[in-house]
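Protein sequence lines, in the order shown, are assigned to chains A and B.
At position 75 of the first sequence the residue is numbered 74 (numbering that gives the first Met the number 0), and the sequence of numbers has no breaks.
At position 46 of the second sequence the residue is numbered 45 (numbering that gives the first Met the number 0), and the sequence of numbers has no breaks.
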Amino acid sequence: MEAKRDALGDGEEATGTDQVVGLGLVAVSLIIFTYYTAWVILLPFIDSQHVIHKYFLPRAYAVAIPLAAGLLLLLFVGLFITYVMLKNQKVTKKAQ
Amino acid sequence: MTKLAQWLWALALLGSAWAALTLGALDLPSSCREVLWPLPAYLLVTAGCYALATVGYRVATFHDCEDAARELQSQIQEARADLSRRGMRF
Numbered sequence: 000m001e002a003k004r005d006a007l008g009d010g011e012e013a014t015g016t017d018q019v020v021g022l023g024l025v026a027v028s029l030i031i032f033t034y035y036t037a038w039v040i041l042l043p044f045i046d047s048q049h050v051i052h053k054y055f056l057p058r059a060y061a062v063a064i065p066l067a068a069g070l071l072l073l074l075f076v077g078l079f080i081t082y083v084m085l086k087n088q089k090v091t092k093k094a095q
Numbered sequence: 000m001t002k003l004a005q006w007l008w009a010l011a012l013l014g015s016a017w018a019a020l021t022l023g024a025l026d027l028p029s030s031c032r033e034v035l036w037p038l039p040a041y042l043l044v045t046a047g048c049y050a051l052a053t054v055g056y057r058v059a060t061f062h063d064c065e066d067a068a069r070e071l072q073s074q075i076q077e078a079r080a081d082l083s084r085r086g087m088r089f
């Protein structure tokens with residue numbers, strides 16, 4: 000066996016696709032955060048005749064869209080769990 | 000008090016404060032009202048964005064050890080060959 004490495008005995012840094020995917024996630028979350036913050040927090044204090052209101056949907060969508068997205072997420076998680084459980088059941092039935 | 004009880008207590012307190020303000024307990028200017036009522040959704044979205052950003056950042060800065068990975072794979076192959084020689088089926 001090799002000698003023990005120290006706590007930071009890491010090799011090189013993260014591999015190519017890892018970095019791209021990771022930084023992509025960070026960028027997406029920053030975009031969503033800035034747009035949503037502008038929508039919910041900044042827009043009410045901007046004069047309603049200003050041109051920037053053209054780039055944002057009516058305010059009700061600020062709650063409806065995240066709510067719908069959350070419900071969709073729950074739906075997919077539930078479907079995935081159901082799929083895995085059914086696959087498991089079939090495997091045990093075959094083994095019997 | 001358990002942690003769950005503490006969280007539920009804090010949630011109930013903040014929730015009732017939000018509900019009272021949204022339904023008009025104090026006389027707030029209309030722009031403040033407009034900021035206040037989507038606040039729970041906003042906090043949830045912010046928490047989700049923070050979680051996503053943290054995961055992404057840690058994925059991007061994770062230190063791979065390619066040598067150790069290759070070594071581990073070859074050891075796994077060795078072990079499989081050895082065990083299947085001794086009769087274990089995979």
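The beta carbon of each residue, even a glycine, is placed where N, CA and C say it ideally should be.
These numbers were taken from a predicted model, which means no experiment stands behind them.
Against chain A, does SER15 (chain B) count as a neighbour if the rule is that its beta carbon must be under 8 Å from one of theirs? By this cut-off, SER15 (chain B) is not an interface position.
Nearest-angstrom Cα separation, counted from GLY77 (chain A) out to ASN87 (chain A): About 15 Å.
What span of residues does the alpha helix (DSSP H) with MET84 (chain A) cover, start to end? Looking at the DSSP string, the run of the alpha helix (DSSP H) that includes MET84 (chain A) is 60-94.
If you scan the region 12-55 of chain B from start to end, which runs of the alpha helix (DSSP H) of 4 or more residues do you find wholly inside it? Taking only runs of at least 4 residues, the alpha helix (DSSP H) segments lying wholly in the region 12-55 of chain B are 29-35.
ALA61 (chain A) versus A:LEU41, A:LEU72, A:HIS49 and A:THR16, residue with shortest Cα-Cα distance: It is A:LEU41 whose Cα lies nearest to the Cα of ALA61 (chain A).
Check the C-beta distance from GLY55 (chain B) over to VAL25 (chain A) and give it rounded, since I have them as a contact under 8 Å. Contact between GLY55 (chain B) and VAL25 (chain A) holds: their C-beta atoms lie close to 4 Å from each other, under 8 Å.
Measuring alpha carbon to alpha carbon, tell me which of A:ILE45, A:VAL83, A:ILE64 and A:VAL90 ends up nearest CYS31 (chain B). Of the candidates A:ILE45, A:VAL83, A:ILE64 and A:VAL90, the one whose C-alpha sits nearest the C-alpha of CYS31 (chain B) is A:ILE45.
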